[in-house]
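Structural data, given as structure tokens:
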């Protein structure tokens with residue numbers, strides 16, 4: 006722990022004063038059985054928009070400023086007035102110490118459409134040279150009376166709601182909930198102060214609400230209603246354990262692509278009661294860089310389409326390889342080795358969401374947790390933190406603590422449906438011979454499914470992401486009922502994976518971008534769940550309905 010704290014301190018204090026300190030700090034360290042991060046390999050994929058400006062930032066962090074200039078100048082010729090390129094040129098010139106040129110590029114970026122909160126939210130280390138400019142002074146004043154990012158709804162239940170924010174300074178935040186018709190105050194959260202050590206984020210929770218009820222809310226900062234405080238609404242979840250009808254959206258594969266950010270508007274048009282993001286939510290691919298992680302989260306959080314959706318519909322998230330480390334990676338069995346798992350990736354993930362839980366907390370970090378919507382149980386898995394090398398025995402994807410937790414959750418669950426959400430596909434056919442899916446962990450896969458059968462646990466549905474398409478699969482089980490898997494992971498990505506009908510998928514859809522819309526009706530005589538593929542334009546090319554009677558022996 007001490008060594009990792011020193012790593013972070015050196016990173017934050019020397020990134021600008023000593024150009025190569027970061028490379029020296031991140032010299033060989035103990036991997037503890039984890040795969041070695043390969044950011045250089047991934048950042049060569051600059052043909053995908055989500056990678057272009059990460060490539061530029063990587064150059065800047067290495068102090069390869071001439072290379073950055075050449076790379077960005079070439080891209081700007083081909084893409085005039087691209088707002089993210091102008092922003093990154095502003096970062097570059099700030100690093101050079103040319104503050105006037107940096108400010109000019111930032112002004113151009115804002116004029117081209119860049120949300121101005123990007124200059125306030127961060128990464129603060131990169132923007133610090135601009136702190137005394139008139140532009141930054143103006144923006145600090147503007148955002149001294151409103152959050153820079155958020156509100157983002159997270160852990161909503163049948164009686165409470167959690168709201169996530171990022172602010173400019175360490176501000177007191179509060180949410181006031183109102184009756185949607187009379188506008189009378191219903192509940193008020195405690196005041197919570199955003200913390201510098203948490204990247205100026207805070208989660209505010211309001212309790213004492215009624216189930217399945219629409220409410221309005223307003224945000225207060227430092228004891229006063231926020232400026233430009235638009236009246237927002239949200240709905241609490243149906244009563245836990247009670248029959249209900251509701252709709253959720255799910256998916257993954259959400260790299261930052263400006264022309265595809267309208268996907269969040271498409272999802273919003275279906276008004277889901279929850280959104281499940283099952284990994285590859287932002288595509289960082291650099292666990293060794295705090296700055297890269299912050300930058301990649303913050304550019305998504307600034308998008309108006311994202312902000313509008315998440316201010317109304319709660320988001321429940323887990324990570325996958327591109328959020329946790331890099332492509333097809335594993336974290337190893339050790340809780341704290343390599344150091345970046347527990348000290349950087351885990352806390353930064355936690356700083357950017359408002360989930361119901363985070364594995365076993367600080368002593369057993371992770372992104373696994375469970376929650377209920379009506380009488381449907383959702384079990385969210387962490388498929389990366391404790392994953393071991395699939396080429397070496399013994400192999401595990403979940404690790405012993407999480408695997409026992411999963412068995413306990415399945416044993417205790419009383420919902421009509423029990424939905425197990427994995428960031429990688431359950432069906433072995435989804436990715437050929439790749440060991441990155443459950444195909445690489447066949448023994449543990451069989452252990453879990455055999456446990457379901459041995460305990461006679463009915464109503465299990467599988468969900469997953471990772472593949473850049475939307476599929477439905479049926480896993481035949483000789484000693485139990487067949488299991489259905491709903492898979493979707495091309496929310497905004499440009500890159501696609503081939504369709505899989507020939508490999509046995511019930512259906513498979515890869516273009517354009519899509520998400521899964523899942524409707525539950527547990528009030529019916531034979532309860533049912535329907536999975537519809539919805540593309541970015543709102544079309545529904547495929548659907549499947551599974552009845553509860555099919556999910557039992």
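Residue numbers (this note's numbering): 6 to 558. A virtual CB, placed ideally from N, CA and C, is assigned to each residue, including glycine. Owing to the predicted nature of the structure, the values given are computational and were not obtained by experimental measurement.
Using DSSP with H/G/I as helix, E/B as strand and the rest coil, what is residue i?
{"i": "residue 192", "result": "strand"}
{"i": "residue 27", "result": "Confidence in residue 27 is poor, its pLDDT being 38 and thus under 50, which makes the residue's placement unreliable; the coordinate value appears in the next sentence. Helix, per DSSP."}
{"i": "residue 321", "result": "strand"}
{"i": "residue 492", "result": "strand"}
{"i": "residue 382", "result": "strand"}
{"i": "residue 96", "result": "helix"}
{"i": "residue 553", "result": "helix"}
{"i": "residue 83", "result": "helix"}
{"i": "residue 69", "result": "coil"}
{"i": "residue 230", "result": "strand"}
{"i": "residue 332", "result": "coil"}
{"i": "residue 444", "result": "helix"}
{"i": "residue 561", "result": "The chain is shown only over 6 to 558; residue 561 falls outside these bounds and no answer can be derived."}
{"i": "residue 101", "result": "helix"}
{"i": "residue 433", "result": "helix"}
{"i": "residue 487", "result": "coil"}
{"i": "residue 274", "result": "helix"}
{"i": "residue 497", "result": "coil"}
{"i": "residue 214", "result": "coil"}
{"i": "residue 397", "result": "coil"}
{"i": "residue 45", "result": "helix"}
{"i": "residue 350", "result": "helix"}
{"i": "residue 366", "result": "helix"}
{"i": "residue 438", "result": "coil"}
{"i": "residue 75", "result": "helix"}
With respect to the beta strand (DSSP E) encompassing residue i, which residues constitute its N-terminal and C-terminal limits?
{"i": "residue 219", "result": "219-226"}
{"i": "residue 211", "result": "206-211"}
{"i": "residue 359", "result": "Where residue 359 is concerned, there is no enclosing beta strand (DSSP E), given that its DSSP letter is neither H nor E."}
{"i": "residue 423", "result": "422-426"}
{"i": "residue 536", "result": "533-540"}
{"i": "residue 476", "result": "475-480"}
{"i": "residue 36", "result": "Where residue 36 is concerned, there is no enclosing beta strand (DSSP E), given that its DSSP letter is neither H nor E."}
{"i": "residue 415", "result": "Taken as a continuous stretch (DSSP letters only), residue 415 belongs to no beta strand (DSSP E), being part of the alpha helix (DSSP H) at 404-417."}
{"i": "residue 467", "result": "465-469"}
For the alpha helix (DSSP H) that contains residue i, what are its first and last residues?
{"i": "residue 450", "result": "447-459"}
{"i": "residue 297", "result": "295-306"}
{"i": "residue 183", "result": "Note, residue 183: premise wrong, no alpha helix (DSSP H); beta strand (DSSP E) at 177-184."}
{"i": "residue 64", "result": "54-66"}
{"i": "residue 310", "result": "309-315"}
Taking the DSSP output, what are the residues bridged to residue i?
{"i": "residue 268", "result": "Residue 268 is not bridged to any residue."}
{"i": "residue 282", "result": "256 and 322"}
{"i": "residue 287", "result": "For residue 287, which the question treats as bridged, DSSP gives no partner whatsoever."}
{"i": "residue 376", "result": "383"}
{"i": "residue 200", "result": "206"}
{"i": "residue 571", "result": "No information on residue 571 is available, as it lies outside the stretch 6 to 558 that the chain covers here."}
Closest Cβ-Cβ distance between residue i and chain B: below 8 Å?
{"i": "residue 247", "result": "Here chain B cannot be found, since the structure has a single protein chain."}
Stretch pair the stretch 240-254 + the stretch 160-172: three plus CB contacts closer than 8 Å = yes
ask   = Is the stretch 139-155 touching the stretch 254-272 in the sense that three or more CB pairs, one from each, lie closer than 8 Å?
value = no
task = Any chance you could list the alpha helix (DSSP H) runs of at least 4 consecutive residues sitting entirely within the stretch 103-172, in chain order?
result = 104-116, 123-126, 129-132 and 139-147
inquiry  = Quick test of the definition: if touching needs 3 or more C-beta pairs under 8 Å, does the stretch 466-477 touch the stretch 396-416?
reply    = no
query = Counting only runs that start and end within the stretch 234-262, where is the beta strand (DSSP E) found for 3 or more residues in a row?
reply = 237-240 and 250-256
message = Quick check: the stretch 523-543 against the stretch 478-485, are at least 3 beta-carbon pairs closer than 8 Å?
response = no
inquiry  = Under 8 Å: do the stretch 289-298 and the stretch 309-322 share three or more Cβ pairs, one atom per stretch?
reply    = no
request  = Quick one: which unbroken beta strand (DSSP E) runs of 3-plus residues sit fully inside the stretch 499-535? Chain order, please.
outcome  = 512-514 and 519-526
Segment contact, 8 Å Cβ cut-off, at least three pairs: the stretch 181-199 with the stretch 348-365 = no
message = With three or more beta-carbon pairs closer than 8 Å as the criterion, would you say the stretch 209-218 touches the stretch 497-508?
response = no
query = Touching or not, the stretch 500-512 and the stretch 522-532, by the rule of three or more beta carbon pairs under 8 Å?
reply = no
query = Can we say the stretch 438-455 touches the stretch 342-351, given the rule of at least three CB pairs closer than 8 Å?
reply = no
inquiry  = Could you check whether the stretch 107-115 touches the stretch 85-98, counting it as contact only if at least three pairs of C-beta atoms, one from each stretch, sit closer than 8 Å?
reply    = yes
ask   = Would the stretch 120-134 and the stretch 298-312 be scored as touching if the rule is three or more Cβ pairs under 8 Å?
value = yes
query = Is it true that the stretch 223-231 meets the stretch 127-145, where meeting means three or more beta-carbon pairs spaced less than 8 Å apart?
reply = no
message = Check whether the stretch 34-41 and the stretch 322-335 touch, using three or more Cβ-Cβ pairs below 8 Å as the test.
response = yes
key: Meets three-Cβ-pair contact criterion under 8 Å: the stretch 167-185 and the stretch 245-259   = no
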